[in-house]
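These protein sequence lines are chains G and H, in that order. Letter 409 of the first sequence, counting from 1, is numbered 410 in our numbering, and no numbers are missing. Letter 360 of the second sequence, counting from 1, is numbered 372 in our numbering, and no numbers are missing.
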Amino acid sequence: MNFVNIILIPLVPLAVFLLLGIFNQKIKPSVSGYIGVAGLLVSTLLSLNTAYQYFFVNGKADGVYQTFVEKTVWMNFTDTLAIDMGVQIDPISVMMLLVVSIVSLMVHIYSRGYMKGDDGYTKFFAFLSLFSFSMYGLVLATNLFQIYIFWELVGVSSYLLIGYYYTKPSAVSAAKKAFIVTRFADLGFLIGILIMGFYTGTYDFETLNNPEGSAILNWASTSFMGLSVLTWALILIFIGGAGKSAMFPLHIWLPDAMEGPTPVSALIHAATMVVAGVFLVARLFPMFYFVEEGFALNIVAYVGAFSSLFAAIIAITQTDIKRVLAFSTMSQLGYMMLALGVSGYEGHEGLGYMASMFHLFTHAMFKALLFLCAGSVIHAVHSNYLKDMGGLRKYMPITNITFLIAALAIAGVPPFAGFFSKDEILVAAFEHNKLIYFVGVFVAGLTAFYMFRIYFGIFWGKDTKYEHKPHESPISMTFPLLFLALLSIIGGFIPFSEFVTADKAGFEAHLNYPLAAIAVGVGLIGIALAWIFYKKENDLANKMVNFFGPVYQWTSDKFYFDEIYLFITKKILFDRVSAPIAKFDKKYVDGTMVGIGNKTVLTSEKIKGMQSGKVQDYAFAFIAGVVIIALVFIYLWTD
Amino acid sequence: MDILSLFILVPIITILALVFTKGLKQARIVSMIGSLIQFGMAINLVFAYFKERATNSDIMVFIRDVVWFKDFNIHYNIGVDGISVTLLLLTAIVVLAGVFISWKMKDLPKEFFVSLIVLSIGVYGFFISLDLFTMFVFFEIAVIPMYLLIGIWGTGPKEYSAMKLTLMLMGASAVLLVAILGIYFNSNADGGALTFNILEIAKVNIPFEVQKLFFPLTFIGFAVIGALFPFHTWSPDGHASAPTAVSMLHAGVLMKLGGYGVFRVAMYLLPEGAQYWSWFFIILATIGVIYGAFSAIKQTDLKYINAYSSVSHLGLVLFALLMLNKTAWNGAILQSLSHGFMTALFFALIGMIYERTHTRDVRKLGGLLKVIPFISAIYVIAGLASLGLPGFSGFVAEMNIFVGAFEHEDMFYRIATVVSVSAIVVTAVYILRVVGIMLMGPVVNEGFLTLEKVTWYEKLGILLLLIPIVGMGVAPLWLSDMILESLHPFIQGVL
Numbered sequence: 002m003n004f005v006n007i008i009l010i011p012l013v014p015l016a017v018f019l020l021l022g023i024f025n026q027k028i029k030p031s032v033s034g035y036i037g038v039a040g041l042l043v044s045t046l047l048s049l050n051t052a053y054q055y056f057f058v059n060g061k062a063d064g065v066y067q068t069f070v071e072k073t074v075w076m077n078f079t080d081t082l083a084i085d086m087g088v089q090i091d092p093i094s095v096m097m098l099l100v101v102s103i104v105s106l107m108v109h110i111y112s113r114g115y116m117k118g119d120d121g122y123t124k125f126f127a128f129l130s131l132f133s134f135s136m137y138g139l140v141l142a143t144n145l146f147q148i149y150i151f152w153e154l155v156g157v158s159s160y161l162l163i164g165y166y167y168t169k170p171s172a173v174s175a176a177k178k179a180f181i182v183t184r185f186a187d188l189g190f191l192i193g194i195l196i197m198g199f200y201t202g203t204y205d206f207e208t209l210n211n212p213e214g215s216a217i218l219n220w221a222s223t224s225f226m227g228l229s230v231l232t233w234a235l236i237l238i239f240i241g242g243a244g245k246s247a248m249f250p251l252h253i254w255l256p257d258a259m260e261g262p263t264p265v266s267a268l269i270h271a272a273t274m275v276v277a278g279v280f281l282v283a284r285l286f287p288m289f290y291f292v293e294e295g296f297a298l299n300i301v302a303y304v305g306a307f308s309s310l311f312a313a314i315i316a317i318t319q320t321d322i323k324r325v326l327a328f329s330t331m332s333q334l335g336y337m338m339l340a341l342g343v344s345g346y347e348g349h350e351g352l353g354y355m356a357s358m359f360h361l362f363t364h365a366m367f368k369a370l371l372f373l374c375a376g377s378v379i380h381a382v383h384s385n386y387l388k389d390m391g392g393l394r395k396y397m398p399i400t401n402i403t404f405l406i407a408a409l410a411i412a413g414v415p416p417f418a419g420f421f422s423k424d425e426i427l428v429a430a431f432e433h434n435k436l437i438y439f440v441g442v443f444v445a446g447l448t449a450f451y452m453f454r455i456y457f458g459i460f461w462g463k464d465t466k467y468e469h470k471p472h473e474s475p476i477s478m479t480f481p482l483l484f485l486a487l488l489s490i491i492g493g494f495i496p497f498s499e500f501v502t503a504d505k506a507g508f509e510a511h512l513n514y515p516l517a518a519i520a521v522g523v524g525l526i527g528i529a530l531a532w533i534f535y536k537k538e539n540d541l542a543n544k545m546v547n548f549f550g551p552v553y554q555w556t557s558d559k560f561y562f563d564e565i566y567l568f569i570t571k572k573i574l575f576d577r578v579s580a581p582i583a584k585f586d587k588k589y590v591d592g593t594m595v596g597i598g599n600k601t602v603l604t605s606e607k608i609k610g611m612q613s614g615k616v617q618d619y620a621f622a623f624i625a626g627v628v629i630i631a632l633v634f635i636y637l638w639t640d
Numbered sequence: 013m014d015i016l017s018l019f020i021l022v023p024i025i026t027i028l029a030l031v032f033t034k035g036l037k038q039a040r041i042v043s044m045i046g047s048l049i050q051f052g053m054a055i056n057l058v059f060a061y062f063k064e065r066a067t068n069s070d071i072m073v074f075i076r077d078v079v080w081f082k083d084f085n086i087h088y089n090i091g092v093d094g095i096s097v098t099l100l101l102l103t104a105i106v107v108l109a110g111v112f113i114s115w116k117m118k119d120l121p122k123e124f125f126v127s128l129i130v131l132s133i134g135v136y137g138f139f140i141s142l143d144l145f146t147m148f149v150f151f152e153i154a155v156i157p158m159y160l161l162i163g164i165w166g167t168g169p170k171e172y173s174a175m176k177l178t179l180m181l182m183g184a185s186a187v188l189l190v191a192i193l194g195i196y197f198n199s200n201a202d203g204g205a206l207t208f209n210i211l212e213i214a215k216v217n218i219p220f221e222v223q224k225l226f227f228p229l230t231f232i233g234f235a236v237i238g239a240l241f242p243f244h245t246w247s248p249d250g251h252a253s254a255p256t257a258v259s260m261l262h263a264g265v266l267m268k269l270g271g272y273g274v275f276r277v278a279m280y281l282l283p284e285g286a287q288y289w290s291w292f293f294i295i296l297a298t299i300g301v302i303y304g305a306f307s308a309i310k311q312t313d314l315k316y317i318n319a320y321s322s323v324s325h326l327g328l329v330l331f332a333l334l335m336l337n338k339t340a341w342n343g344a345i346l347q348s349l350s351h352g353f354m355t356a357l358f359f360a361l362i363g364m365i366y367e368r369t370h371t372r373d374v375r376k377l378g379g380l381l382k383v384i385p386f387i388s389a390i391y392v393i394a395g396l397a398s399l400g401l402p403g404f405s406g407f408v409a410e411m412n413i414f415v416g417a418f419e420h421e422d423m424f425y426r427i428a429t430v431v432s433v434s435a436i437v438v439t440a441v442y443i444l445r446v447v448g449i450m451l452m453g454p455v456v457n458e459g460f461l462t463l464e465k466v467t468w469y470e471k472l473g474i475l476l477l478l479i480p481i482v483g484m485g486v487a488p489l490w491l492s493d494m495i496l497e498s499l500h501p502f503i504q505g506v507l
């Protein structure tokens, strides 16, 4: 492997970030867009080259994909424990390189059109490059601490980009919320890393993940409250992953994150950063699978399945198209998590793992496409809300077609990409856990329904009277749409199971026709229902809303999780913890110190009368003192 | 003249030169030249240290020993190891940045700069002293000018704050003096002569009973200036009233004397006492970490927010020192450095904002990113550094502390560690809250639209402080290894 080329993949965007960040005021917007795109183009070409070299030329030995690591010490903790910086090349990191490169490049190109004329154009590209750098660093990480470092950096890029429209209070609070909720999750991640490092003596993925290594073999040696400490560590690490991947109940930041510019939502909050949690579990998959017979992995499966269902239900009722897509992302991330959760390790047993990675790949393409289409629509009608849209197919043909392709892909209609990956997830679930399988099938139906609800709502239905006649977006925006649409069509035909598997050996996956038929059937039912409800303007939808009444209201208010969090932070942490502490500090802690000072002054006021300056007083005190001392001595000596 | 004594001599010469200056322009030029020389010397010292270290494996290098007061065996005994070298560099940088930030000092500039530099003499002297008594003298030299600097050049209830700060620190000094004398009178436990020499005393087996008695006194004596809960209340009021450069120097450097003293004197000379008492002070330090962070959430004055943030961050220094292992200690020293740069940067920025808007109340500020983008962007960066973002010094320090603390297998220490780690979330809350209210959002006051842009001397001051923060955060290896190596003899004393 040529590591120089690989190391350049993250470093080029970093250089672009520094260049654009430092000379923010000096560089003309038109130039900075090109610099950003050029930087990412270099990284993309290098990634493609790496993928080609790895998958087709020299990655395999004895039919198994090898792991290549190149690293250097970044900081020493003790003689044996250190943080390394480096790159690890194995199937999932190479696959992620491709995902990040393709989506990021498309988003860069798209942004040149979308952000045109914006005040902070240069700053925007600087932040995008910062994000790309951090994300590359994350996927290439060789150890837990390195991944944590880049984990935080993608978090902060996300913060900066959500808060990009910083004069808008809602964007500011959304950015803050995203950062703090994920930071809370990262607290778990960090403690998990500390436990892992202490008990296994290493942070290296290579060493940790070795099925014959001491970390996995000795999982039972130390336990805490009935579970292996490593299980605890894995659960805590998964909390970190759940925070980034917006799993229930840490999902509340993702819908609000839609306050950011739409290309950002496509890149960060749909295709790349939010899959970091899934990637993390996949990265530590052998540990999750072998330690305590997969106890932690079961948690992953159920959390994923529940989040997937929960988000799909909420997505049906949202009226802001970006929020529908946000909940859809959460739901699909749940899908990936549940696929990992039901996966085995060797050969065909590892179908879930492979399906999860496959879905991660295809989802990145079609979800980024959906967001970019949504951006194109929002760009044209200047609103996020479904009520302001309708009949747009006439004005925006390219957006219409590409959105339809993406919607078919996510709905799992063959031969689009989502069909293949989703089918494999369902097969894996069917083979291991029937309950999760049924949840998966139901969610597939819901997905098709809510996606076509917004598709019909935007492009068909009533012909809204627009103030300015909407028009198709410029070529810089439609090119990425077409490119991603192409990938959403053909992406499914990649024989993923030969490249990306849990044991890295590869196997042949076949379509399971009965299960595929069920999944497609459910998807088509969802689409058909959406057709009936939303294709033409009618009041069926309103009737359903009335029929469900309060249930609809709860769902539309996202089951009040925002309010619960707000209550905990504002009412409990701020008003019941923070404010009393601040008051306590002023009144008692400081009060005591001031009190001591005042007492000293008072005492001195009282006794200063003794220094009267009259000779008689001093003489009296002197004689009294002598008498007292004499008495004491006499008393002591007469024993 | 040896390389270390120059750190005392150059400021004295600067002060003498300042006496002959007239007006602000001359005073600031002289101070700048003086601190630039100091800065150059500090950088030179780092290289000289590496060179000397290659051939010299003593605990301390560049030692110079002159008898100062024969009857009590008091020496002017100086020397440095990797830890004091880095702290000297920190001091030199903060003083220089402080001079730049005070470029437009209006009232009594000459006297201001003289006091500032006197203060720095105390700090330099403290960091190079190897003699307890001399160290104590320098400690007092550093504390006294504070009273004048706040009382004369301060704002708000400055007399009250100056008095409170001085009295509390003096109270601590009194306790400390008792402890130092206690150590001194037991330094002949092995039959040698009484001595104040730290390296000598470390070789003596001071009886456990004595250690048990004097460790808390030493610890509290030093830790008050390191903002140990519940003795931290001088710090918010003091900082709020102090002029910008003084806040910078005080929070950036002076408060580091606490942790350094605890490490150099309390831990090194009284290791058994440290082990005996660590559980108790761990409780106070942990409370400080979390309590400071929660208090900061509800403050409205920028300087109070930063002061409470310091309570939290420096609580972590004491917390790490009490963990009594190498990784945590390394973290403590790194955190001292990191906090020194960060908090100085914060106070500098707060000063700039205050000078322009005439308020430090976050509720009255808003949308500053739009009007003073450079200062605001740096504030965001400083905030991110302060909440422990990787790539900045705070992360490096905190990770050492947490990994080190986690090595303590005792359940009680583990719980304390988890509680302290959770401060990273609370820190994010108060930092982002300020950033959100003050820098982002719409511009709240029309008067802000005409605010003066950042000036060159302010930029210089900012960059001086920002570069080390980023440098430590991006490439910590050389620094952390240098400190680790110097910690070695100290940790052996504890084990």
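Glycine included, C-beta positions come from ideal geometry on N, C-alpha and C.
Which runs of the alpha helix (DSSP H) fall wholly inside the segment 137-205 of chain G and span at least 4 residues, in chain order? 145-163 and 170-201
Neighbour-count burial assignment, H380 (chain G), 16 or more Cβ in a 10 Å radius: Your numbering for residue 380 (chain G) matches position 379 in the first sequence. H380 (chain G) is buried by the Cβ-count criterion.
Could you say if the segment 572-582 of chain G and the segment 319-336 of chain G meet the contact criterion of at least three C-beta pairs nearer than 8 angstroms? no
Cβ of F220 (chain H) less than 8 angstroms from any chain G Cβ? Position 208 of the second sequence, counting from 1, holds the residue named residue 220 (chain H). Answer no: the Cβ-Cβ gap between F220 (chain H) and chain G never drops below 8 angstroms.
Does the separation of the CB atoms of A542 (chain G) and I437 (chain G) fall below 8 angstroms? Position 541 of the first sequence holds residue 542 (chain G). Position 436 of the first sequence holds residue 437 (chain G). Not closer than 8 angstroms, so no.
What's the C-alpha gap between S44 (chain G) and I10 (chain G)? Taking the first sequence and counting its residues from 1, the one referred to as residue 44 (chain G) is at position 43. Taking the first sequence and counting its residues from 1, the one referred to as residue 10 (chain G) is at position 9. Near 5 angstroms, if we compare the C-alpha coordinates of I10 (chain G) and S44 (chain G).
What's the call for E347 (chain G), buried or exposed, on a 16-neighbour Cβ count within 10 Å? The count along the first sequence starts at 1 and reaches residue 347 (chain G) at position 346. With fewer than 16 Cβ atoms within 10 Å of its Cβ, E347 (chain G) is classed as exposed.
Taking the straight line between their C-alpha atoms, what separation do you get for I503 (chain H) and L281 (chain H)? Taking the first residue of the second sequence as 1, we reach residue 503 (chain H) at position 491. Taking the first residue of the second sequence as 1, we reach residue 281 (chain H) at position 269. Computed Cα separation, rounded: 11 angstroms.
Taking the beta carbon of V22 (chain H) as the centre, do at least 16 other beta carbons fall within 10 Å, making it buried, or is it exposed? The residue given as residue 22 (chain H) occupies position 10 in the second sequence. Buried, since its Cβ has 16 or more Cβ neighbours within 10 Å.
Hey, quick one: how far does the beta strand (DSSP E) through K72 (chain G) stretch, first residue to last? Numbered from 1 along the first sequence, position 71 holds the residue referred to as residue 72 (chain G). That run of the beta strand (DSSP E) goes F69 to N77.
Taking Cβ-Cβ distances below 9 angstroms as the criterion, which residues of the segment 174-186 of chain G are in contact with chain A? Note that chain A does not occur in the displayed structure, where the protein chains are G and H.
Is the CB of F414 (chain H) under 8 angstroms away from at least one CB in chain G? Numbered from 1 along the second sequence, position 402 holds the residue referred to as residue 414 (chain H). True, the Cβ-Cβ gap to chain G drops below 8 angstroms.
Go ahead and label Q147 (chain G) buried or exposed: buried means 16 or more other beta carbons lie within 10 angstroms of its beta carbon, across all protein chains shown. Working through the first sequence from its first residue, we reach residue 147 (chain G) at position 146. By the neighbour-count rule (16 or more Cβ atoms within 10 Å), Q147 (chain G) is buried.
How should S613 (chain G) be labelled, buried or exposed, when 16 other C-beta atoms within 10 angstroms of its C-beta is the threshold for buried? Residue 613 (chain G) sits at position 612 when you count from the first residue of the first sequence. Result: exposed.
Contact check, V74 (chain G) vs L346 (chain H), beta carbons under 8 angstroms: For the purposes of this step, residue 74 (chain G) is identified with residue 73 of the first sequence, where counting begins at 1. For the purposes of this step, residue 346 (chain H) is identified with residue 334 of the second sequence, where counting begins at 1. No, Cβ-Cβ distance for V74 (chain G) and L346 (chain H) is not below 8 angstroms.
Helix, strand or coil at L463 (chain H) according to DSSP, with G and I counted as helix: Locating residue 463 (chain H) in the second sequence gives position 451, where the first residue counts as 1. In this structure, L463 (chain H) counts as coil in the three-state DSSP scheme.
Between G550 (chain G) and D540 (chain G), what straight-line distance do the alpha-carbon atoms span, to the nearest angstrom? Sequence index remark: in the first sequence, residue 550 (chain G) carries index 549 (1-based). Sequence index remark: in the first sequence, residue 540 (chain G) carries index 539 (1-based). Looking at the two C-alpha atoms, the distance is approximately 15 angstroms.
Taking Cβ positions only, does A254 (chain H) come closer than 8 angstroms to chain G? As a first step, residue 254 (chain H) is located in the second sequence; it is residue number 242 there, counting from the start. No, A254 (chain H) lies away from the interface with chain G (no Cβ there is under 8 angstroms from its Cβ).
Which of the three DSSP states is assigned to R372 (chain H) in this structure? In the second sequence, counting from the first residue as 1, residue 372 (chain H) sits at position 360. Coil at R372 (chain H), not helix or strand.
Taking a contact to mean a Cβ-Cβ separation below 8 angstroms, would you say D313 (chain H) touches N77 (chain G) in this structure? Here residue 313 (chain H) is taken as the residue at index 301 of the second sequence, counted from 1. Here residue 77 (chain G) is taken as the residue at index 76 of the first sequence, counted from 1. No, these two residues do not count as a Cβ contact at 8 angstroms.
Enclosing beta strand (DSSP E) for Y88 (chain H) [first to last residue]: For this step, residue 88 (chain H) is matched to residue 76 along the second sequence. Residues I86 to V92.
For the putative contact between V135 (chain H) and T103 (chain H), defined by C-beta atoms under 8 angstroms, what is the C-beta separation to the nearest angstrom? For the purposes of this step, residue 135 (chain H) is identified with residue 123 of the second sequence, where counting begins at 1. For the purposes of this step, residue 103 (chain H) is identified with residue 91 of the second sequence, where counting begins at 1. 5 angstroms between Cβ atoms; contact.
Pull up the distance between the alpha-carbon of G493 (chain G) and that of M355 (chain G), whole angstroms please. The residue given as residue 493 (chain G) occupies position 492 in the first sequence. The residue given as residue 355 (chain G) occupies position 354 in the first sequence. Cα to Cα, the separation comes out at about 13 angstroms.
Under 8 angstroms between C-beta atoms of P157 (chain H) and A39 (chain H): If you number the second sequence from 1, residue 157 (chain H) lands on position 145. If you number the second sequence from 1, residue 39 (chain H) lands on position 27. The answer is no: Cβ separation not under 8 angstroms.
Distance, Cα to Cα, Y165 (chain G) vs S174 (chain G)? On the first sequence, residue 165 (chain G) is found 164 positions in, with the first residue counted as 1. On the first sequence, residue 174 (chain G) is found 173 positions in, with the first residue counted as 1. Looking at the two C-alpha atoms, the distance is approximately 12 angstroms.
Distance between D93 (chain H) and F62 (chain H) (C-alpha atoms, nearest Å): Numbered from 1 along the second sequence, position 50 holds the residue referred to as residue 62 (chain H). Numbered from 1 along the second sequence, position 81 holds the residue referred to as residue 93 (chain H). Their Cα atoms are separated by approximately 10 angstroms.
Would you list the one or two residues that DSSP bridges to F225 (chain G)? Along the first sequence, read from residue 1 onward, the residue named residue 225 (chain G) stands at position 224. Bridge partners of F225 (chain G): G:L228.
Inter-residue spacing [alpha-carbon to alpha-carbon] between S132 (chain H) and G352 (chain H): As a first step, residue 132 (chain H) must be located in the second sequence, where it is residue number 120. As a first step, residue 352 (chain H) must be located in the second sequence, where it is residue number 340. For S132 (chain H) and G352 (chain H), the distance between alpha carbons rounds to 14 angstroms.
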